[in-house]
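In the numbering used here, the protein residues as written are 9 to 155. These notes concern the structure reproduced below.
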């Protein structure tokens, strides 16, 4: 059994799970926005709620865009899945991201600002690694002329 026989499906599953959890949070984001409001004004009809909701929605949409980019890169291009070290690092980052999003989602008192840290470390960094791997493969032409 080769390393790629384990790493490639695991990378796809962890990336997909992280994407699904972000979509789930997007559908039910009110509790995390209400936590950000002062206790006296926990009302969904305030201006603060609207601005906080827009900020949290922007973070979730950015996370979903990063996830869709990575899944489409794996499925449509597919050349980065052959880089075992890259796939292993991506798997570790996405697994940690899945655990972080689960803890964020299961904790009822999570402030939506914490999601920005999750977004940067577990969504944006893997997407930048994917862009770097695609550029590496494009310029070195390791796998031929795919692009």
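Note that CB positions come from ideal geometry on N, CA and C, so glycine has one too. This one's a predicted model, so the numbers in the text were calculated from it and none came from an experiment.
Note down, in chain order, each residue of its chain lying with its Cβ closer than 7 angstroms to the Cβ of residue i, except the 5 sequence neighbours on either side.
| i | result |
| --- | --- |
| residue 18 | 99 |
| residue 71 | 30, 127, 131 |
Apart from the five residues on each side of it in sequence, which residues of its chain come closer than 6 angstroms, Cβ to Cβ, to residue i?
| i | result |
| --- | --- |
| residue 27 | 75 |
| residue 121 | none |
Is residue i near residue j, with beta carbons less than 9 angstroms apart?
| i | j | result |
| --- | --- | --- |
| residue 33 | residue 103 | no |
| residue 56 | residue 45 | yes |
| residue 7 | residue 94 | No answer is possible for residue 7: the residues shown for the chain start at 9 and end at 155. |
Following the continuous alpha helix (DSSP H) through residue i, name the residue where it begins and the one where it ends.
| i | result |
| --- | --- |
| residue 12 | 12-35 |
| residue 82 | From DSSP, residue 82 is part of no alpha helix (DSSP H); its letter is neither H nor E. |
| residue 104 | 92-114 |
| residue 135 | 133-148 |
| residue 43 | 38-44 |
| residue 53 | Neither: residue 53 is in no alpha helix (DSSP H) and is coded neither H nor E. |
Could you pull out every residue in the same chain whose Cβ sits closer than 8 angstroms to the Cβ of residue i, ignoring the five residues on either side in sequence?
| i | result |
| --- | --- |
| residue 110 | 29 |
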